[in-house]
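K.L.:
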Amino acid sequence: MAIDVGVWIAFALTLLTYSYFLAKDNILFRFAIITLSACVMGNVLVISLRSIHSIALMPILSGTVYYVIPVFMGLTILLGLFRKHAYLSRPAVSLPIGVGLGITVRGVFESDIRRQIIATMTPLVGGKYTPIDNLLMIVIVITIISYFVFTKEQKGSWGGITRVGRIFLMGMFGVFFANTAVTRFTYLAGRVLFLLQTLGLM
Amino acid sequence: MSTKIGLSERIDNLSPSTLWWILIIIVFGAWLAPLKSPILISDESRAVYDIVESLPQGSMVLFSINFDTGNYPEAGPEAEVLFKHLVRKGHKIVMLGIWPRDVPSVSQRILNEVTSVLNEYDYEYGVDYVNLGYIPGLEIAYAQLADDFKIMGADIHGTPISQLSIMDNIVNAESFDLVIDVITLNICAYVKYWTIPYGTRLIIATSVHGSTSELPFIGPGMAEAMMYGLRHTAEYEIMTGFVGMAGKSMNVISAQFLLLLLMILIGNIAFFFKKMGGED
Numbered sequence: 001m002a003i004d005v006g007v008w009i010a011f012a013l014t015l016l017t018y019s020y021f022l023a024k025d026n027i028l029f030r031f032a033i034i035t036l037s038a039c040v041m042g043n044v045l046v047i048s049l050r051s052i053h054s055i056a057l058m059p060i061l062s063g064t065v066y067y068v069i070p071v072f073m074g075l076t077i078l079l080g081l082f083r084k085h086a087y088l089s090r091p092a093v094s095l096p097i098g099v100g101l102g103i104t105v106r107g108v109f110e111s112d113i114r115r116q117i118i119a120t121m122t123p124l125v126g127g128k129y130t131p132i133d134n135l136l137m138i139v140i141v142i143t144i145i146s147y148f149v150f151t152k153e154q155k156g157s158w159g160g161i162t163r164v165g166r167i168f169l170m171g172m173f174g175v176f177f178a179n180t181a182v183t184r185f186t187y188l189a190g191r192v193l194f195l196l197q198t199l200g201l202m
Numbered sequence: 203m204s205t206k207i208g209l210s211e212r213i214d215n216l217s218p219s220t221l222w223w224i225l226i227i228i229v230f231g232a233w234l235a236p237l238k239s240p241i242l243i244s245d246e247s248r249a250v251y252d253i254v255e256s257l258p259q260g261s262m263v264l265f266s267i268n269f270d271t272g273n274y275p276e277a278g279p280e281a282e283v284l285f286k287h288l289v290r291k292g293h294k295i296v297m298l299g300i301w302p303r304d305v306p307s308v309s310q311r312i313l314n315e316v317t318s319v320l321n322e323y324d325y326e327y328g329v330d331y332v333n334l335g336y337i338p339g340l341e342i343a344y345a346q347l348a349d350d351f352k353i354m355g356a357d358i359h360g361t362p363i364s365q366l367s368i369m370d371n372i373v374n375a376e377s378f379d380l381v382i383d384v385i386t387l388n389i390c391a392y393v394k395y396w397t398i399p400y401g402t403r404l405i406i407a408t409s410v411h412g413s414t415s416e417l418p419f420i421g422p423g424m425a426e427a428m429m430y431g432l433r434h435t436a437e438y439e440i441m442t443g444f445v446g447m448a449g450k451s452m453n454v455i456s457a458q459f460l461l462l463l464l465m466i467l468i469g470n471i472a473f474f475f476k477k478m479g480g481e482d
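In the order they appear, the protein sequences are chains R and E.
Counted the way my numbering counts, the first sequence spans residues 1 to 202.
Counted the way my numbering counts, the second sequence spans residues 203 to 482.
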């Protein structure tokens, strides 16, 4: 059985959280989720301040003086709170957006577009599990992409192709749902294990 | 006829909290029941195991932790068993996290769980493994670390990396023989910024929920292997011999899904009888 007070607090908060599902909405459940939100915010604040300290302030104090510029730009973001001076925050906000966008686009084209297209260029006969795997993959890719071509009205034979694509899409969403269910069940199993370990039953 | 309608009505009016109670009781019972279900080793977990086994001893491995405390039940056992395997093989391990902000608590929890293995193989902090903590910047951080890993000024404890001998020969992504990304919160970005530009080998360990997003990176040969969920973790535990909770949780997961299937079956039967009764 656990002897740490923090573990028992977590035990109690877990039970309070589950009271919403096992009983009904109640003030204890709301207390638990507000406590969670507050702890998350507190954790985020501490980690962020620590990051600023280690990545910005420590190098400045060690002699890397030009780090003052990004620190100053970060502080100008706070001017966005004042309507009269909000325009001064725009360079600091737009700079990381631009840098991030540039870096992301550089990586996305190769990994998400070019290599994915290359992966579909396979022999028609063959595959990992059955001889028709590759053919099936190509058919699925073409029909699903066809579904998203909105410049052509989806009727007639084209409508038939897009309908097949929609069926495959629905199958994919079913897979997503099933995978999400597995993950959520795993989380439940993990919390119940925590409860059992706290009580000393496992 | 009226009996069928009554039954379907009863099922329709079943309170969600009743189902939750049934689920909770089944999960409690499954954990406490001393059942052992057979676990077959799948190709996915075997591939990950073979890659770690085949690395030369002393290889430099980047162990990236990109999941938070909420995802620990699924990703935590994965991270622990992979870490233990790396330690047993004598590899150098650099830990860090980029996506979630509670990387410090998650990484420390992993290290607490593997302490016995670290002590068994005489692993020394700063020489054989290091925890660099949370790196802010998201995608920019991935790209910057790939080009210049020394932007990391200090480890999670504030120790300058110049004082950590494990970091001496690390320059950029090419300094690492393998990257293991334990990620549940987003799509693995090491593919874009490490594997494609620098050819760094990559293993993805993710949740079942995240596996559908990461699978496209396996086919084209960007990530070498991927394991996901407690099932693969249980298989990995069997292969490595580091038996943990993942194997025992298989009964629990199976019980939950049997209940889900039963509920779907009952719901569909009730709907069928309702239709037969002429109600819409």
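Every residue, glycine too, gets a C-beta built ideally from N, C-alpha and C.
(1) Take every Cβ of the stretch 290 to 305 of chain E, pair it with every Cβ of the stretch 256 to 275 of chain E, and state whether three or more of those distances are shorter than 8 Å.
(2) Taking 9 Å as the CB-CB limit, is E/Asp-304 close to chain R?
(3) Can you grab the Cα-Cα spacing for the pair R/Phe-31 / E/Ala-235, in whole Å?
(4) Judging by CA-CA distance, which residue of E/Ile-342, E/Leu-347, E/Leu-380 and E/Ile-312 is the nearest neighbour of R/Ile-103?
(5) If we call anything under 9 Å between Cβ atoms a contact, is E/Val-410 one with E/Leu-284?
(6) Answer with buried or exposed for E/Asp-198, where buried requires no fewer than 16 other C-beta atoms within 10 angstroms of its C-beta.
(7) Starting from E/His-434, find everything on chain R with Cβ-Cβ shorter than 7 Å and list it in chain order.
(8) Take R/Gly-80 and list the residues in its own chain whose beta-carbon comes closer than 6 Å to its own, dropping the five residues that flank it on each side.
(9) Got a sec: is the Cβ-Cβ distance from R/Tyr-18 to anything in chain E below 9 Å?
(10) Where do the ends of the alpha helix (DSSP H) carrying R/Ile-140 lie?
(11) Given 8 Å as the limit, is there contact between the stretch 247 to 260 of chain E and the stretch 217 to 231 of chain E, that is, 3 or more CB pairs closer than that?
(12) Alpha carbon to alpha carbon, what distance is there between R/Gly-171 and E/Asp-379?
(13) Short check: CB of E/Ala-448 to CB of E/Glu-439, under 9 Å?
(14) Give a yes or no on whether the minimum CB-CB distance between E/Phe-531 and chain R is below 9 Å.
(15) Suppose the cutoff is 6 Å on Cβ atoms and the five residues either side in sequence are ignored; what does the same chain contact list for R/Gly-165 look like?
(16) Are there 16 or more other CB atoms within 10 angstroms of the CB of E/Asp-357, so buried, or fewer, so exposed?
(17) Do you know whose CA, among E/Gly-328, E/Pro-418 and E/Gly-355, lies nearest E/Ile-337's CA?
(18) Kindly indicate if chain E contains any beta-carbon less than 9 Å away from that of R/Val-68.
(19) Report the residue from R/Met-137, R/Leu-36 and R/Ile-69 whose alpha carbon sits nearest the alpha carbon of R/Leu-95.
(20) Would you mind telling me which residues of chain R sit closer than 8 Å to E/Ala-356, beta carbon to beta carbon, in chain order?
(21) Of the choices R/Thr-122, R/Tyr-129 and R/Gly-174, whose alpha-carbon is the least far from that of R/Ile-138?
(22) Can you name the residues of chain R whose CB is closer than 7 Å to the CB of E/Thr-414?
(23) Using the Cβ count rule (16 or more neighbours within 10 Å means buried), how would you classify R/Thr-183?
(24) Give the interface partners of E/Ile-342 over in chain R, defined as CB-CB distance under 8 Å, in chain order.
(25) Classify E/Phe-444: buried if its beta carbon has 16 or more other beta carbons within 10 angstroms, exposed otherwise.
(26) Compute the Euclidean distance between the alpha carbons of R/Glu-153 and R/Arg-114, then round it to the nearest angstrom.
(27) Identify every residue that forms a DSSP beta bridge with E/Ala-427.
(28) Near E/Met-203, what residues of its chain come up, given a Cβ to Cβ distance below 8 Å and the 5 sequence neighbours on each side ignored?
(29) Which class does R/Met-58 belong to by DSSP, given the choice of helix, strand or coil?
(30) In whole angstroms, what is the alpha-carbon distance linking R/Asp-112 and E/Gly-360?
(31) Under 9 Å, Cβ to Cβ, is there at least one residue of chain E near R/Ser-37?
(32) Starting from the N-terminal side, write out each stretch of the alpha helix (DSSP H) that is 4 residues or longer and does not extend beyond the stretch 268 to 299 of chain E.
(33) When the distance is taken between beta carbons, is R/Ala-189 closer than 9 Å to E/Val-308?
(34) Under a Cβ-count criterion, where at least 16 other Cβ atoms within 10 Å of its own Cβ denotes burial, should E/Ile-372 be classed as buried or exposed?
(35) Compute the distance between the beta-carbons of E/Lys-458 and E/Leu-225, then report whether it is under 9 Å.
(36) Grab me the residues of R/Ala-2's own chain with a C-beta within less than 6 Å of its C-beta, minus the 5 sequence neighbours each way, in chain order.
P.N.:
Well, looking at it:
(1) yes
(2) For the purposes of this step, residue 304 of chain E is taken as residue 102 along the second sequence, with counting starting at 1. By this cut-off, E/Asp-304 is an interface position.
(3) On the first sequence, residue 31 of chain R is found 31 positions in, with the first residue counted as 1. On the second sequence, residue 235 of chain E is found 33 positions in, with the first residue counted as 1. Distance between the alpha carbons of R/Phe-31 and E/Ala-235 is about 34 Å.
(4) On the first sequence, residue 103 of chain R is found 103 positions in, with the first residue counted as 1. Nearest of E/Ile-342, E/Leu-347, E/Leu-380 and E/Ile-312 to R/Ile-103, Cα basis: E/Ile-342.
(5) If you number the second sequence from 1, residue 410 of chain E lands on position 208. If you number the second sequence from 1, residue 284 of chain E lands on position 82. No; because the gap between Cβ atoms is not below 9 Å, this pair is not in contact.
(6) With chain E running from 203 to 482 in the structure shown, residue 198 of chain E is simply not present.
(7) Taking the second sequence and counting its residues from 1, the one referred to as residue 434 of chain E is at position 232. Residues of chain R passing the Cβ test: none, with the nearest at roughly 12 Å.
(8) Position 80 of the first sequence, counted from the start, is the residue given in the question as residue 80 of chain R. Contacts found: Ala-86 and Ser-89.
(9) Numbered from 1 along the first sequence, position 18 holds the residue referred to as residue 18 of chain R. With 9 Å as the cut-off, R/Tyr-18 counts as an interface residue toward chain E.
(10) Locating residue 140 of chain R in the first sequence gives position 140, where the first residue counts as 1. Per DSSP, R/Ile-140 belongs to the alpha helix (DSSP H) from 133 to 147.
(11) no
(12) Position 177 of the second sequence, counting from 1, holds the residue named residue 379 of chain E. Position 171 of the first sequence, counting from 1, holds the residue named residue 171 of chain R. When rounded, the distance between both Cα atoms is 38 Å.
(13) Translated into positions along the second sequence, residue 448 of chain E becomes position 246. Translated into positions along the second sequence, residue 439 of chain E becomes position 237. Going by C-beta atoms, E/Ala-448 is nearer than 9 Å to E/Glu-439.
(14) Nothing about residue 531 of chain E can be read from this structure; chain E reaches only from 203 to 482.
(15) On the first sequence, residue 165 of chain R is found 165 positions in, with the first residue counted as 1. For R/Gly-165, where only same-chain residues beyond five positions count, the Cβ hits under 6 Å are Thr-143, Ile-144, Ser-146 and Tyr-147.
(16) Within the second sequence, numbered from 1, the residue matching residue 357 of chain E stands at position 155. Buried, because 16 or more other Cβ atoms sit within 10 Å of the Cβ of E/Asp-357.
(17) Reading the second sequence from its first residue, position 135 is the one you call residue 337 of chain E. Comparing Cα positions, the closest option is E/Gly-355.
(18) Indexing the first sequence from 1 puts residue 68 of chain R at position 68. R/Val-68 does not count as touching chain E.
(19) As a first step, residue 95 of chain R must be located in the first sequence, where it is residue number 95. Nearest of R/Met-137, R/Leu-36 and R/Ile-69 to R/Leu-95, Cα basis: R/Ile-69.
(20) On the second sequence, residue 356 of chain E is found 154 positions in, with the first residue counted as 1. Those are Ser-54 and Met-58, listed as they occur along chain R.
(21) Taking the first residue of the first sequence as 1, we reach residue 138 of chain R at position 138. If we check each option's Cα against that of R/Ile-138, R/Thr-122 comes out closest.
(22) Counted from its first residue, the second sequence places residue 414 of chain E at position 212. Chain R residues near E/Thr-414: Val-175, Phe-176 and Asn-179.
(23) Translated into positions along the first sequence, residue 183 of chain R becomes position 183. With 16 or more other Cβ atoms within 10 Å, it is buried.
(24) Within the second sequence, numbered from 1, the residue matching residue 342 of chain E stands at position 140. Those within 8 Å of E/Ile-342 in chain R are Pro-96, Val-99, Gly-100 and Ile-103.
(25) Numbered from its first residue, the second sequence carries residue 444 of chain E at position 242. Classification for E/Phe-444: buried.
(26) Here residue 153 of chain R refers to the residue found at position 153 of the first sequence. Here residue 114 of chain R refers to the residue found at position 114 of the first sequence. Straight-line Cα distance between these residues: approximately 28 Å.
(27) As a working mapping, residue 427 of chain E is identified with position 225 in the second sequence. E/Ala-427 is bridged to E/Ile-405.
(28) Position 1 of the second sequence, counting from 1, holds the residue named residue 203 of chain E. Its pLDDT being 47, under 50, E/Met-203 is placed unreliably in this model, and the value from its coordinates should be taken loosely. The answer, listed in chain order, is Gly-479.
(29) The residue you call residue 58 of chain R lines up with position 58 of the first sequence. The answer is helix: DSSP assigns R/Met-58 an H, G or I state.
(30) Along the first sequence, read from residue 1 onward, the residue named residue 112 of chain R stands at position 112. Along the second sequence, read from residue 1 onward, the residue named residue 360 of chain E stands at position 158. Near 37 Å, if we compare the C-alpha coordinates of E/Gly-360 and R/Asp-112.
(31) If you number the first sequence from 1, residue 37 of chain R lands on position 37. Closer than 9 Å: no.
(32) 274 to 290
(33) One-based indexing of the second sequence puts residue 308 of chain E at position 106. One-based indexing of the first sequence puts residue 189 of chain R at position 189. Not closer than 9 Å, so no.
(34) Here residue 372 of chain E corresponds to residue number 170 of the second sequence, with the count starting at 1. That one is buried.
(35) Residue mapping note: residue 458 of chain E aligns to position 256 of the second sequence, counting from 1. Residue mapping note: residue 225 of chain E aligns to position 23 of the second sequence, counting from 1. The amino acid at residue 458 of chain E is misidentified as Lys; the sequence shows Gln. A contact, by the Cβ cut-off of 9 Å.
(36) If you number the first sequence from 1, residue 2 of chain R lands on position 2. Answer for R/Ala-2: Thr-198, listed in chain order.
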